[in-house]
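For reference, the structure is listed below as structure tokens.
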Amino acid sequence: MAKRIIVACIFVPVMLWIMLIPPPLAWTALVCFISAMAAFELLRAVGEGKITLPMQVVTILSAALLPFGSWADLGMAYVNLVAFVVMAVCFWCAIRAYDEDGVPIGFFHVLAALFAGIIIPLALSALVELRRMDHGKYLVLLAVLLTFATDAGAYFAGVFLGKHRGVTKVSPNKSVEGYIGGFISGVVFAVLYGLVASKIAGDSVRLLPLALCGLFGALATEVGDLAFSFIKRQYGVKDYGHILPGHGGMLDRFDSMMFCGPVVLFIVQCLPVF
263 MAKRIIVACI FVPVMLWIML IPPPLAWTAL VCFISAMAAF ELLRAVGEGK ITLPMQVVTI
323 LSAALLPFGS WADLGMAYVN LVAFVVMAVC FWCAIRAYDE DGVPIGFFHV LAALFAGIII
383 PLALSALVEL RRMDHGKYLV LLAVLLTFAT DAGAYFAGVF LGKHRGVTKV SPNKSVEGYI
443 GGFISGVVFA VLYGLVASKI AGDSVRLLPL ALCGLFGALA TEVGDLAFSF IKRQYGVKDY
503 GHILPGHGGM LDRFDSMMFC GPVVLFIVQC LPVF
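The sequence shown stops at residue 536 when you use the numbering used here, and every number in between is there.
Here is the structure:
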């Protein structure tokens, strides 16, 4: 527990500092690193030793490059090119393995590489897109802190009020009361955060999009946590990695943000907060 607290006290302030300092290139670089590590951790967890080195290399490079494309505003042509390279390399490796009658690389392994190298970085790229918007430092901070507020609300509601547990076998200890507490804490946090941000930024905010960010962002956070817990259960993984002592890997810390970030980005693009 002490190690967990010490790491959090060091990592969180550093992450927030990088997130908020101008220009957003430093934050983009951090997101690229997080994305690459998350891709590596997922391949290691589900690859079953059958995802070859070329597949791993191209997948991790893709995970690192796609968030950078969002910062550089390279558009869909860039995304399509990177995605094509990943698909081509992964399928070629699978075809060669099949031809050589060695250990087969299944279609599932190709899909796992595509998920790690394309879906994960595209989801995390939402955090880069948020930072690039007007009042971007407040918007990306909203998405990141919203996941923490939702997790905290769900945890404490589950501990003190949780009676109806076993909602899902993926996380049998979580209760209906915990999920409701997460949703409520997400909405309350988003509205309060907006009021505080308006004072600091010196600009007015709209409470409706903030409340929607809180509600649907909290829902996305809960789904993200369950999604990657499902993968852990299926493959008997306790932690995806050990890069953050006491916390696990990047996937263990940023799984919820992969779901929450795109939802918040969509809402604030449709209904501006400021």
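All residues carry an ideal CB built from backbone N, CA and C; glycine is no exception.
For residue i, three-class secondary structure by DSSP
i	result
R242	The structure shown does not extend to residue 242, since the chain is modelled only from 263 to 536, so the question has no answer here.
S387	helix
S297	helix
S491	helix
L506	strand
S437	strand
I280	helix
S447	helix
G511	coil
S466	coil
F536	coil
D557	Because the chain spans 263 through 536 in this model, residue 557 falls outside it and cannot be assessed.
I367	coil
Beta-carbon gap between residue i and residue j smaller than 8 Å
i	j	result
A374	V308	yes
A405	L392	yes
M299	M520	no
G456	A480	no
W333	L287	yes
S518	G486	yes
G476	F451	yes
Y502	E303	yes
Other residues of its chain near residue i: CB distance less than 6 Å, five sequence neighbours each side excluded
i	result
L389	V293, V402 and G523
C352	M317, V372 and A375
K399	L282
D514	D501 and Y502
Chain-order list of residues whose beta-carbon lies under 8 Å from that of residue i (same chain, five-residue window excluded)
i	result
L474	I529 and L533
Chain-order list of residues whose beta-carbon lies under 7 Å from that of residue i (same chain, five-residue window excluded)
i	result
F330	T290 and C294
Are the region 280 to 296 and the region 461 to 481 in contact at 8 Å, needing three or more beta carbon pairs? no
Does the region 348 to 365 come into contact with the region 317 to 325, if we say contact requires no fewer than three beta-carbon pairs (one atom in each stretch) closer than 8 Å? yes
Could you tell me which uninterrupted alpha helix (DSSP H) segments, each at least 4 residues in length, are contained entirely in the region 277 to 362, listed from first to last along the chain? 287 to 308, 315 to 333 and 337 to 361
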